[in-house]
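See structure below.
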Amino acid sequence: MATSEVIYLGNLRTKTKHLQSGTEIITDAPTDNHGKGEYFSP
Numbered sequence: 025m026a027t028s029e030v031i032y033l034g035n036l037r038t039k040t041k042h043l044q045s046g047t048e049i050i051t052d053a054p055t056d057n058h059g060k061g062e063y064f065s066p
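Given below as structure tokens:
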């Protein structure tokens, strides 16, 4: 049974949703890895 859904948004950014709670986290690659660095980087 799935617990989360991950969508790749492009430009090294993802949106992850925890299905039970509906909480969403956006992640972004840091600028030194050619990302935008605007969100949390795992």
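Offset between the sequence shown (1-based) and the numbering used here: plus 24.
Virtual Cβ for every residue (Gly too), placed ideally from N, Cα, C.
Keep in mind that this is a model prediction, so the values were computed, not measured.
Quiz item: Tell me which same chain residues have a C-beta within less than 7 Å of the C-beta of GLU62, skipping the five on either side of it?
Solution: ASP52
Practice problem: Would you list the one or two residues that DSSP bridges to ASP52? | Solution: ARG37
Exercise. Return yes when the Cβ of SER28 is within less than 8 Å of the Cβ of HIS42, no when it is not.
Key: yes
Quiz item: To the nearest angstrom, how far is it from the Cα of HIS58 to the Cα of THR40?
Solution: 20 Å
Quiz item: Taking the Cβ atom as the reference point for each residue, do ILE50 and ARG37 lie within a distance shorter than 8 Å?
Solution: yes
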